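Below you'll find the structure, written out as structure tokens, and then a few comments.
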Amino acid sequence: MDAFMQFIFSGLTVGAVYALVALGFTIIYNASDVVNFAQGEFVMLGGMITVFAFDAGLPLPLAAAIAIVITAGIGVALNKFAIEPARGAPVVTLIIITIGASILIRGASQVVFDKQLHRLPAFSGDDPIHVLGATLLPQSLWVIGGAIGIFIALWLFFTRTLLGKAVLATANNRLAAQLVGINTGFVMTLSFALSAAIGALAGVLVTPITLVSYDVGVGLALKGFAAAMLGGMGNPKGALAGGLLLGLFEALTAGYISSQYKEAVAFIVILAVLFVMPQGLFGAKKTERV
Amino acid sequence: MSANSKWVQLAVLAGIMLVLPVFFPSGYYYRVGALVYVNALSVIGLVILIGYAGQISLGHAGFAGIGAYACALAPVHLGIHPALAVLLGAVISGVLAILIGRPILRLKGYYLAVATLGFGILVSMVLSNERGLTGGPDGMAVPDLGLRQVLRGMGLKLSGGEFWYIANALVLLVAIWIALNLFHSATGRAMRALHGSETAARTVGIDVARYKLQAFVISAVYASVAGSLLALQNGFITPDVAGFMHSVEMVTMAVLGGVGSVLGATLGAAILTLLPQVLTVLADYEQLVLGLIMILVMIFLPLGLLPSIAARIRWRGV
């Protein structure tokens with residue numbers, strides 16, 4: 203039982219990170235119909251920039267804020283210079299563009315920063331908390347709490363503010379949104395900034411636990427992608443549920459079956475979901491228009 | 159494209175393959191050339207899948223991995239000749255492609271991309287985790303094909319680089335010949351029809367699922383043979399051959415050159431194979447430049463290099 207609780211805690215912690223990456227995917231997918239393979243690089247940038255700013259002597263909260271703002275800027279640039287010019291291109295083209303962007307960002311980070319592993323100190327110490335016979339790192343609470351906080355903030359944004367509703371309207375029907383006077387270009391920019399900022403924040407939160415290096419993005423993007431698919435592409439609730447479920451599956455597999463094949467879980471789950479219910483847990487059924 | 163132009167394309171390519179070595183300053187370039195041809199082989203497979211049938215795969219390196227490890231494992235464990243191992247790998251890849259293709263190919267766009275991606279990653283994970291069999295991430299040695307010794311016995315002395323340059327060039331020409339024939343056949347037309355519109359293709363009586371699966375299986379076999387040849391010529395193989403980045407590389411080569419055109423895809427394979435050799439001068443900037451090229455080509459030449467250039471020349475000519 204103790205071991206089980208331990209697996210649950212570690213599963214929820216990584217799951218919260220997957221959920222945030224999946225949420226980032228979802229926001230961009232809804233705004234632009236693009237699956238952004240560079241999503242994991244936002245997490246990497248969040249961690250890396252914070253580490254370097256912190257090591258340069260800035261206080262941690264300021265370093266994190268700088269990282270989030272810079273990453274959001276990079277997200278906006280990605281939209282402006284890579285996605286916007288290719289509007290309406292076929293899926294293969296868009297996939298290659300965002301994979302290209304991911305390689306570009308990774309390559310640039312390896313030049314600007316370095317190829318080493320880096321860590322940040324935990325936000326509130328390393329003394330484990332004992333819960334139900336298992337131990338929980340305070341940083342795990344930061345990660346899980348951060349994810350919950352972001353989801354609540356986003357939910358409020360989308361349901362209670364005019365701007366949030368403009369984003370939803372654009373996601374629903376771009377042309378109709380334009381007709382009622384919504385600046386859809388700005389909504390796209392906002393979506394990329396928001397998505398990048400969420401990724402960066404996830405990177406800041408998780409770096410004290412998992413460390414960060416220039417090449418952590420690919421793995422995270424694939425897991426986040428898997429989580430988004432599991433929950434149903436384009437659905438924020440699905441992203442949250444998919445992320446947490448995926449984290450739990452992984453932790454339980456590592457604990458009870460094989461730690462070597464823990465990484466395989468995400469992809470087995472994905473294949474299973476796609477075979478059985480291709481729209482994911484919460485996705486809406488779509489009919490192809492001719 | 160007429161049947162005539164098929165032979166023109168093949169002749170042009172064979173001519174280039176024949177003349178190129180004249181410009182090679184050292185034996186090393188035969189190795190690079192052989193690598194270009196082997197990459198082009200798997201990319202031609204993707205031309206059939208992506209360019210003809212309009213389906214995407216981000217997991218074809220998985221099939222390359224199966225082909226490569228068939229050549230590494232079968233001669234040792236089953237005692238068969240490496241040449242037969244190439245065949246065995248191709249058969250395994252083909253059967254696997256049929257099994258996973260049936261459910262996967264019902265998916266479209268991003269869903270298909272992620273399902274194939276998952277398959278590829280699972281293969282590379284098995285290859286790096288089963289250390290006892292595959293030597294894990296450090297890789298393993300691959301037995302020699304032995305054909306070079308036979309040729310030497312017949313009085314034809316070739317260096318390793320020269321041998322593989324010729325062997326891969328011949329295999330590639332055959333592969334392109336098959337691909338071009340397929341393009342003009344009823345099957346090829348059916349594939350291109352479902353690429354245009356699945357619904358329309360179904361309306362005129364094309365069995366959409368069947369032709370998608372055929373394209374998938376053919377491209378899997380191409381990737382598998384390419385993986386086998388790569389393993390045999392290097393004499394060593396690591397699970398990276400099945401990795402996600404290799405899949406991405408393959409798709410990028412295909413799309414960069416022009417995924418609708420066999421010659422374009424060969425050009426794409428050549429450029430992306432040579433690029434790292436050129437970029438070693440820039441070492442740290444290699445990834446940066448590669449990413450930039452991918453984005454710029456896709457934005458400014460969305461059809462790929464060769465078709466875009468051809469279109470421009472034609473436009474000037476009028």
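Those protein sequences? They're chains A and B, same order as listed. In my numbering, each residue carries its 1-based index in the first sequence increased by 202. In my numbering, each residue carries its 1-based index in the second sequence increased by 158. Quick reminder that beta carbons are idealized off the backbone N, C-alpha and C, glycines included. Nothing here was measured: the structure is a model prediction, and the numbers come from that model.
Checklist entry - What residues match up with H320 of chain A in a beta bridge as DSSP calls it? => result As a working mapping, residue 320 of chain A is identified with position 118 in the first sequence. Paired residue(s): A:V414.
Item to check | Cβ contact check for the region 452-464 of chain A and the region 224-232 of chain A: 3 or more pairs under 8 Å | outcome: The region 452-464 of chain A vs the region 224-232 of chain A: no contact.
Item to check | Length of the line joining the Cα atoms of V190 of chain B and K370 of chain B | outcome: Your numbering for residue 190 of chain B matches position 32 in the second sequence. Your numbering for residue 370 of chain B matches position 212 in the second sequence. Between V190 of chain B and K370 of chain B, the C-alpha separation is close to 33 Å.
Checklist entry - Which of the residues in the region 276-298 of chain A, read from start to end, lie with their CB under 9 Å from any CB of chain B? => result F283, A284, P287, A288, A291, P292, V293, V294, T295, L296, I297 and I298
Checklist entry - Between M298 of chain B and N287 of chain B, what straight-line distance do the alpha-carbon atoms span, to the nearest angstrom? => result Translated into the one-based positions of the second sequence, residue 298 of chain B becomes position 140. Translated into the one-based positions of the second sequence, residue 287 of chain B becomes position 129. Cα to Cα, the separation comes out at about 13 Å.
Item to check | Where V253 of chain A sits in the DSSP three-state scheme | outcome: For this step, residue 253 of chain A is matched to residue 51 along the first sequence. In this structure, V253 of chain A counts as helix in the three-state DSSP scheme.
Checklist entry - Roughly how many angstroms lie between the CA atoms of G277 of chain A and V236 of chain A, to the nearest whole one? => result As a first step, residue 277 of chain A is located in the first sequence; it is residue number 75 there, counting from the start. As a first step, residue 236 of chain A is located in the first sequence; it is residue number 34 there, counting from the start. Between G277 of chain A and V236 of chain A, the C-alpha separation is close to 13 Å.
Item to check | Contact set between V313 of chain A and chain B, taken where Cβ atoms lie within less than 8 Å | outcome: Position 111 of the first sequence, counted from the first residue, corresponds to residue 313 of chain A. Here the neighbours are D442, Y443 and L446.
Item to check | CA nearest to the CA of G426 of chain A, picked from A:F353, A:Y416, A:L442 and A:L338 | outcome: Here the question's residue 426 of chain A lines up with position 224 in the first sequence. That would be A:L442, whose Cα lies nearest to the Cα of G426 of chain A.
Checklist entry - Which residues of chain B have a Cβ atom closer than 8 Å to the Cβ of Q241 of chain A, listed in chain order? => result To locate residue 241 of chain A, count along the first sequence from 1; it is residue 39. Residues of chain B passing the Cβ test: none, with the nearest at roughly 13 Å.
Checklist entry - Are the C-beta atoms of L275 of chain B and some chain A residue less than 9 Å apart? => result Numbered from 1 along the second sequence, position 117 holds the residue referred to as residue 275 of chain B. Closer than 9 Å to some Cβ of chain A, the Cβ of L275 of chain B qualifies, so yes.
Checklist entry - For N392 of chain B, which residues in chain A fall below 8 Å Cβ to Cβ? => result Here residue 392 of chain B corresponds to residue number 234 of the second sequence, with the count starting at 1. Residues of chain A passing the Cβ test: none, with the nearest at roughly 24 Å.
Checklist entry - Are the region 421-437 of chain A and the region 264-280 of chain A in contact at 8 Å, needing three or more beta carbon pairs? => result no
Checklist entry - Are the beta-carbon atoms belonging to G319 of chain B and A192 of chain B less than 9 Å from one another? => result In the second sequence, residue 319 of chain B corresponds to position 161, counting from 1. In the second sequence, residue 192 of chain B corresponds to position 34, counting from 1. It is a contact, given that the beta carbons lie within the stated cut-off.
Checklist entry - CA-CA distance, A233 of chain A and I298 of chain A? => result Sequence index remark: in the first sequence, residue 233 of chain A carries index 31 (1-based). Sequence index remark: in the first sequence, residue 298 of chain A carries index 96 (1-based). Looking at the two C-alpha atoms, the distance is approximately 19 Å.
Next on the checklist: What are the residues in the region 395-409 of chain B lying within 9 Å of chain D by C-beta distance?
Outcome noted: In summary, chain D is missing from the structure at hand, where the protein chains are A and B.
Checklist entry - By Cβ distance, which residues of its chain are closer than 7 Å to G366 of chain A, with the 5 residues on each side in sequence left out? => result By 1-based counting over the first sequence, the position of residue 366 of chain A is 164. So the list reads F359 and F360, once near-sequence residues are dropped.
Next on the checklist: Against A466 of chain A, what residues of chain B qualify as contacts under a CB-to-CB distance less than 7 Å, listed in chain order?
Outcome noted: Mapped onto the first sequence, residue 466 of chain A falls at position 264. Ordered by position in chain B, the residues that pass the 7 Å Cβ test against A466 of chain A are L280 and M283.
Checklist entry - Residues in the region 435-465 of chain A with C-beta within 9 Å of chain B's C-beta atoms, listed in sequence order? => result M435, S460, Q462, Y463 and E465
Checklist entry - Nearest chain A C-beta to V413 of chain B closer than 9 Å, yes or no? => result The residue labelled residue 413 of chain B in the question sits at position 255 within the second sequence. Yes - at least one Cβ of chain A is within 9 Å of the one on V413 of chain B.
Item to check | Within 7 Å of chain A by C-beta, residues of the region 236-270 of chain B in sequence order | outcome: P261, L265, G267, Y268 and Y269
Checklist entry - According to a CB-to-CB cut-off of less than 7 Å, which residues of the region 211-242 of chain A neighbour chain B? => result Within the region 211-242 of chain A, the qualifying residues are V237.
Checklist entry - What number of angstroms, rounded off, separates the C-alpha of L322 of chain A from the C-alpha of F256 of chain A? => result Within the first sequence, numbered from 1, the residue matching residue 322 of chain A stands at position 120. Within the first sequence, numbered from 1, the residue matching residue 256 of chain A stands at position 54. Taking the straight line from one Cα to the other gives about 8 Å.
Next on the checklist: Is there a Cβ of chain A sitting closer than 9 Å to that of V417 of chain B, yes or no?
Outcome noted: The residue given as residue 417 of chain B occupies position 259 in the second sequence. Output row for V417 of chain B: interface = yes.
Item to check | Nearest-angstrom Cβ-Cβ length linking L421 of chain B and L207 of chain B, presumed shorter than 8 Å | outcome: The residue you call residue 421 of chain B lines up with position 263 of the second sequence. The residue you call residue 207 of chain B lines up with position 49 of the second sequence. With a Cβ gap of about 17 Å, L421 of chain B and L207 of chain B do not count as contacting.
Checklist entry - Alpha carbon to alpha carbon, how far is V476 of chain B from E286 of chain A? => result By one-based count along the second sequence, residue 476 of chain B stands at place 318. By one-based count along the first sequence, residue 286 of chain A stands at place 84. For V476 of chain B, the predicted structure reports a pLDDT of 43, less than 50, and the residue's modelled location is therefore unreliable. The matter cannot be settled from this model.
Item to check | Unbroken stretches of the alpha helix (DSSP H), 4 residues or longer, contained in the region 443-483 of chain A | outcome: 464-478
Next on the checklist: Let me see if you follow: with CB-CB separation under 9 Å, is F469 of chain A close to chain B or not?
Outcome noted: If you number the first sequence from 1, residue 469 of chain A lands on position 267. The Cβ of F469 of chain A sits closer than 9 Å to at least one Cβ of chain B.
Next on the checklist: Residues of chain A with CB closer than 7 Å to the CB of V272 of chain B, please, in chain order.
Outcome noted: Taking the first residue of the second sequence as 1, we reach residue 272 of chain B at position 114. The contacting residues are F427, M431 and I472.
Checklist entry - Using the beta-carbon count (16 or more within 10 Å), is A474 of chain A buried or exposed? => result Taking the first residue of the first sequence as position 1, residue 474 of chain A is located at position 272. So A474 of chain A counts as exposed.
Checklist entry - Which residues, taken in chain order from the region 292-309 of chain B, show a beta carbon closer than 7 Å to some beta carbon of chain A? => result none
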